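Numbering (this note's numbering), first residue to last: 36 to 443.
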Ligand code: DSN
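See below:
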């Protein structure tokens with residue numbers, strides 16, 4: 036409570052009320068524990084710690100070194116990794132650090148195209164990864180909308196990339212990391228997996244882990260991992276020195292040690308049986324929601340999901356993704372518009388929406404609630420021009436959510 040800043044406190048109260056009263060279906064968002072929030076607001080916010088434990092550029096690090104080592108050792112134990120760098124401010128700087136450690140400007144890199152589910156940092160031309168490197172996109176198969184590993188192998192052998200940077204923000208199928216390693220070996224590339232979206236599911240063992248196969252694994256820590264906003268890099272010991280040096284001093288200055296402490300809390304939470312059950316429930320909820328939407332006449336890209344998210348093709352309802360996302364928000368259901376593979380529509384008015392279950396599962400929703408969630412979504416889409424339907428559903432959603440606690 037910021038008692039001396041009413042203006043800001045009012046805004047925070049408004050946002051808290053909003054988050055509590057709407058179904059949050061943006062797959063990259065979650066609700067952190069009180070412990071994570073306490074660590075973020077702890078005394079560590081006051082401290083500079085440039086460098087790494089045992090080799091800092093500021094005095095007063097006795098406790099901070101222990102905090103960072105704790106986060107590193109929890110990360111290594113949770114994911115079975117040889118080395119962990121916990122200092123990245125977020126996912127994009129983590130990805131940048133790995134590119135800088137493993138290849139040079141002008142080198143060829145391979146990553147998923149944006150409409151196939153990839154991220155800007157996987158080689159998009161408006162991003163550093165597409166500007167500095169010779170980025171060759173790989174796309175999903177137009178029929179299955181899933182990765183075609185034979186085609187990826189063919190493309191990689193032809194392109195001879197220095198790095199295969201494999202990760203997604205909207206691809207719902209599990210990766211075959213063993214096959215990707217095999218392809219990387221055949222074309223002499225480093226294999227990097229960006230598991231920003233699925234990090235928590237990987238930690239819980241409900242989604243395949245790239246850690247045994249990849250040279251490096253990057254992630255954000257605030258999505259399914261349910262930690263503070265931030266980034267993390269895991270890698271083989273042979274890349275540790277190069278990657279640490281590109282994070283600091285290569286890209287960043289001092290780490291945000293309150294964020295590192297909050298990550299340590301989240302990593303402890305993620306090692307529990309409760310977190311494993313939570314992660315299983317995320318996937319069960321997503322698969323159930325996808326099926327309920329299919330039963331109501333919608334199409335899910337690639338036919339379903341193996342993780343926490345799905346992209347819904349709205350063309351059967353003659354509604355574009357942006358119109359739908361705005362109407363859903365007015366109905367108390369928050370998601371984002373999203374392209375489908377080979378989308379005939381423009382990026383700002385694509386054919387789909389992206390939905391995910393991490394936040395609603397943290398809230399306590401189970402598969403028995405998914406038919407209701409699907410029903411609200413379809414009612415909005417079926418009455419896209421009717422504001423009274425939207426207002427009615429927003430009320431129903433608010434009343435429904437009142438039974439589920441927000442803090443945990
Ligand atoms: N912005 C994130 C997402 O929503 O998927 C990716 O960084």
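Note that CB positions come from ideal geometry on N, CA and C, so glycine has one too.
Remember, predicted model here, so these are calculated numbers, not experimental data.
Apart from sequence neighbours up to five positions away, the residues of its chain that approach residue 443 with a beta-carbon distance below 8 Å are 66, 68, 69 and 397, ordered along the chain.
Nearest C-alpha to residue 342 among 364, 367, 369 and 389: 389. As summarised for the region 151-179, the continuous alpha helix (DSSP H) elements at least 4 residues long and confined to that stretch are 163-167, given in chain order. In this structure, ligand 1 has a non-hydrogen atom nearer than 8 Å to the beta-carbon of residue 154. Taking a cut-off of 8 Å on C-beta distances, the region 103-118 touches the region 288-307, as three or more cross pairs fall below it. For residue 388, the uninterrupted beta strand (DSSP E) run begins and ends at 387-391, by DSSP. Bridge partners of residue 59 according to DSSP: 369.
Not a single heavy atom of ligand 1 lies less than 8 Å from the C-beta of residue 143.
According to DSSP, residue 303 shares a beta bridge with no other residue. A direct Cα-Cα distance of roughly 16 Å separates residue 315 from residue 339. Closer than 8 Å to some heavy atom of ligand 1: that does not describe the Cβ of residue 392.
Counting other Cβ atoms within 10 Å of its Cβ, residue 38 stays below 16 and is therefore classed as exposed. Residue burial annotation: residue 395 is buried, with at least 16 other C-beta atoms found within 10 angstroms of its C-beta.
The region 327-372 is shown to contain whole alpha helix (DSSP H) runs of 4 or more residues at 356-365, in chain order. In the displayed model, residue 401 falls within coil according to three-state DSSP, outside both helix and strand.
Note that the C-beta distance between residue 103 and residue 92 is not below 9 Å. With 16 or more other Cβ atoms inside 10 Å of its own Cβ, residue 310 counts as buried.
In this structure, residue 325 has its beta carbon at no less than 8 Å from each heavy atom of ligand 1. Under the three-state reduction of DSSP, residue 384 is assigned to coil, being neither helix nor strand. Beta-bridge partners assigned by DSSP to residue 229: 202 and 253. Rounded to whole angstroms, the separation of the alpha carbons of residue 135 and residue 416 is 45 Å. In this structure residue 71 is in contact with residue 301, their Cβ atoms being roughly 5 Å apart against a cut-off of 8 Å. In this structure, the CA atom of residue 75 is about 23 Å from the CA atom of residue 61.
Inclusion of residue 240 and residue 124 in the CB contact set at 9 Å is not warranted, their separation being larger than that value.
The set of residues with any CB-heavy atom separation to ligand 1 below 5 Å comprises, in chain order, 63 and 204. Straight through space, the alpha carbons of residue 73 and residue 419 are spaced by roughly 42 Å.
The residues 246 and 269, in chain order, have a CB closer than 6 Å to that of residue 116 in the same chain once the five nearest residues on each side in sequence are set aside. Per DSSP, the beta bridge partners of residue 86 are 91. Residue 399 and residue 363 have their C-alpha atoms some 21 Å from each other. Between residue 254 and residue 126, the gap from beta carbon to beta carbon is short of 9 Å. 250 is the residue among 41, 250, 441 and 393 whose C-alpha sits nearest the C-alpha of residue 212.
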